[in-house]
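Residue numbers (the numbering used here): 12 to 808. Don't be surprised by glycine CBs; every beta carbon is placed ideally from N, CA and C.
As structure tokens, then:
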């Protein structure tokens, strides 16, 4: 019996090749997209899940309240760990991680040659109990006792093999930043792909304590993070309730209303966008977006299959009638047609697996910066997902066509016709409307995302973005700063050179409390961001002064330049009125000499904060250059020559302002590109479904079209009438899609303080694109039906 089924199945596939290819293509695309989205979501949700204590681990974060605004931060002051251990009850363990990030490691090989290695972001200081709270396999040596002493280090297997090939690293000595010798006491497993701890060079915290006192409560760096492990009977709320008194006790000048400490569960560490992570993190919003897209595409593919199958029903009417006359029951026919759907789905699934396996290393992993592997033999969840897709798609795509075909009356079927019931026609139209509903949601979202990305790259940031490059000095002592500036100024094509702490736009946000004096005794406290600059900073980066002058040449703080937001917080309306007034930061009380136009120092998701700029050369580390774009290649070459002349052991790395800004919007750029790709796939699958409905209606209305032509109807009128019906379906889909798409994309835009507005043009563009797609899809098939010889359709009447 099964042999007979397979033979008939193969004959049907060969007889209706176009139908089979279209259905397999649609399902393959839908399942492939769905499978890739499943793998991405599964990989992202697996981050940090391998730690056995994950459900009891929490990160300590804080929220500062200033002028009615909330400023979340993930860092903690260095002395806070000991205070937490002594004053907070309900803790099973507590540890501090101090992420150094970059380090220059020097190793002396057997021949006595010193080799240098730049490691980033591997370098981190940890407590001995770090390895108790977090799972990190020890491969060789020990850490518990050795990490109670300074100048000890544990390194990853990758670094051990690099520093000491073909020999044990334990007991060897490495040097950090050309100044500190560290004894290797252990070799650990490499950081896992699904970890937010990209560490490989673990230095004992005692080493850091020996270099700097852990006594400063006023300094908070996001690189210093405290993690707590709660006792089984303790909840996060129990610990958070103890923090208000903790703040008042340890911060003498701060009340519990100004700073609130919160616990963020480690299971959500990868997705908590309030605080930075060591590994970059992700957004659950994007995961749900990708999940929804994967689900939409597979549903669209199923609906396309239904439309195509019902369109082919007329061709198979005589087969159904003959089988019923020969004794086939409806149940047998349903199972036969479901079997055909199952085989098409199975073939599509196999093609999807093969396509996904090729796309993962070629496109997906690089694009999403993941390392996903398709492990069918070892990944039970993946196998379960594929089996679920096979069964559900077979049922969803096959049940309705199977019941439609099996319900045909033998007499009608043998005449080559099926009943075109109103309910059936409504269902087919509903499927097309739903397909175009999904298409238009994606089209609308794509248009908004692309326009917002264009806004990111074209908006006036308040400084020049093109032909401005910068790099960090390897060694930034004052004499090295002056030497660098002197040598760089002599390079042809360099228009201006500045030495500062950071460029105007950077990932480093430095904040403190500043003061604006309205008199000798009256002052306004302002929470400010600050940048250390030099006299050439404004010219190099193109900042625009609106009052006063820029800071003069100096190595120490003696003047201030402030931005417009600073004046707004100080209550000063006329920038000229601020010139000559006094400001204060860290006890340095000096005059304001200039006011600079507001500029974006962070992404457009953040409001422009009050800014103070001043000279303080001892902490400068970044050299910025305004250059002649036509000589970029030559300038970079000469910079490299100077670099290796001064720092032969370091690698030269540089960036451009416009490239850095674009890099900060990588997540949004990926979402925009993803939406574009998936919208194209959805449109393609939707067009297949629309083509199926056109084909079905052409078959059903063949005699009507023939009669109209005999009575004198023109081809143009027939095509117009035919296409008009489908345009109505597209408009109905738009009526439902537009509000949903607007709500979703407007919610996304609300995350940015500066964004585009969704105006009528976006709605018009979306519907026009949909109409053009529908006309192109229906036009050819409608034209074929309208130009057919009426004798063919009327000869049996």
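Is the distance from the Cβ of residue i to the Cβ of residue j below 8 angstroms?
i	j	result
residue 133	residue 225	no
residue 449	residue 693	yes
residue 461	residue 413	no
residue 475	residue 552	yes
residue 622	residue 585	no
residue 705	residue 781	no
residue 686	residue 607	no
residue 610	residue 570	no
residue 218	residue 194	no
residue 522	residue 544	no
residue 483	residue 633	yes
residue 280	residue 288	yes
residue 3	residue 98	The question about residue 3 has no answer here: the residues shown for the chain are numbered 12 through 808.
residue 801	residue 717	yes
residue 198	residue 231	no
residue 762	residue 467	no
residue 525	residue 452	no
residue 90	residue 228	yes
Give me the Cα-Cα distance between residue i and residue j, rounded to the nearest whole angstrom.
i	j	result
residue 175	residue 150	15 angstroms
residue 791	residue 393	41 angstroms
residue 528	residue 594	6 angstroms
residue 541	residue 629	15 angstroms
residue 799	residue 444	28 angstroms
residue 100	residue 107	17 angstroms
residue 795	residue 358	31 angstroms
residue 431	residue 50	In this prediction, residue 431 scores a pLDDT of 48, lower than 50, which makes its location untrustworthy; the coordinate-derived value is nonetheless stated afterwards. C-alpha separation (whole angstroms): 42 angstroms.
residue 57	residue 738	45 angstroms
residue 148	residue 158	16 angstroms
residue 514	residue 673	15 angstroms
residue 78	residue 248	26 angstroms
residue 179	residue 675	41 angstroms
residue 471	residue 491	34 angstroms
residue 583	residue 576	10 angstroms
residue 72	residue 510	33 angstroms
residue 28	residue 688	27 angstroms
What does the Cβ neighbour count give for residue i, buried or exposed, with the cut at 16 atoms within 10 Å?
i	result
residue 308	buried
residue 70	buried
residue 441	exposed
residue 23	buried
residue 111	buried
residue 785	buried
residue 349	buried
residue 726	exposed
residue 434	Unreliable positioning characterises residue 434 in this predicted model, as indicated by a pLDDT of 49, which lies under 50. The coordinate reading is nonetheless provided below. Under this definition residue 434 is an exposed residue.
residue 304	buried
residue 754	exposed
residue 631	buried
residue 347	buried
residue 458	buried
residue 138	buried
residue 55	buried
residue 113	exposed
residue 654	buried
Alpha carbons only, please: which of the options is nearest the one belonging to residue i?
i	options	result
residue 276	268, 584, 798, 285	285
residue 599	627, 453, 479	627
residue 659	473, 650, 779	650
residue 238	87, 728, 148, 690	87
residue 202	168, 153, 715, 438	168
residue 278	401, 206, 109, 250	206
residue 271	260, 714, 74, 91	74
residue 377	677, 572, 180	677
residue 743	778, 767, 465	778
residue 508	533, 67, 480	480
residue 590	767, 567, 559	559
residue 504	372, 642, 671	642
Worksheet item: Going along the chain, which unbroken runs of the alpha helix (DSSP H) with 4 or more residues stay wholly within the stretch 694-728?
Response: 713-721
Worksheet item: What residue ranges within the stretch 249-334 form continuous alpha helix (DSSP H) runs of no fewer than 4 residues, ordered along the chain?
Response: 254-261, 295-322
Item to complete: Taking only runs that begin and end inside the stretch 491-520, name each unbroken beta strand (DSSP E) of 3 or more residues, in chain order.
Response: 505-511
Practice prompt. Starting from the N-terminal side, write out each stretch of the alpha helix (DSSP H) that is 4 residues or longer and does not extend beyond the stretch 32-115.
Written response: 91-98
Practice prompt. Can you check the stretch 159-246 for any beta strand (DSSP E) of at least 3 residues that lies completely inside it and give the ranges in chain order?
Written response: 163-167, 184-187, 191-199, 212-215, 235-241
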